[in-house]
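K.L.:
Residue numbers (the UniProt record's numbering): 1 to 121.
1) Identify the continuous alpha helix (DSSP H) that holds residue 47 and give its terminal residues.
2) Only counting the same chain, and skipping five residues up and downstream in sequence, which positions put a Cβ closer than 7 Å to that of residue 67?
3) Report the rounded CA-to-CA distance for residue 14 versus residue 98, giving the unit in angstroms.
4) May I ask you to report which of helix, strand or coil DSSP gives residue 20?
5) If we count the other Cβ atoms within 10 Å of its Cβ and call it buried at 16 or more, is residue 110 buried or exposed?
6) Check this for me: beta carbons of residue 90 and residue 12, under 9 Å apart or not?
7) Excluding sequence positions up to five away, which residues of its chain have a Cβ less than 6 Å from the Cβ of residue 69?
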């Protein structure tokens, strides 16, 4: 895997670790800042468990991409990274349609750029 692909995959990892953190541990503070216009403030305590579950899934996506850095076989490394980047891109596309257009920029675009680097470089 080339260095540019690793950099963009690293950016995707960092984004998903941050999303994991705020959905799992800071939903009532950072979550309100991120989604406060779409979700009434009084609902945040009741949706904490749902957000934590989503945060856990974001951790799994980051873990899969981290795992791809430690695979010695180039073909498998590329395939595993591709799988998890496609998962991120699909989640970003769906989130952009259903939750917030900002998710296209935050989640879909970095995964798409990483996929392009991975397959064209």
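Just so it is clear, CB atoms sit at the ideal spot from N, CA and C, and this is done for glycine as well.
P.N.:
Taking the coordinates as given:
1) Boundaries of the alpha helix (DSSP H) harbouring residue 47: 44–69, taken from the DSSP string.
2) Its chain contains 80 as the residues whose beta carbon lies nearer than 7 Å to that of residue 67, once the 5 sequence neighbours on both sides are disregarded; these appear in chain order.
3) Rounded to whole angstroms, residue 14 and residue 98 show a C-alpha spacing of 23 Å.
4) Residue 20: helix per DSSP, three-state reduction.
5) A residue is called buried when at least 16 other Cβ atoms come within 10 angstroms of its Cβ; residue 110 meets this threshold and is buried.
6) 9 Å or more divides the Cβ of residue 90 from the Cβ of residue 12.
7) Cβ within range, chain order: n/a, list empty.
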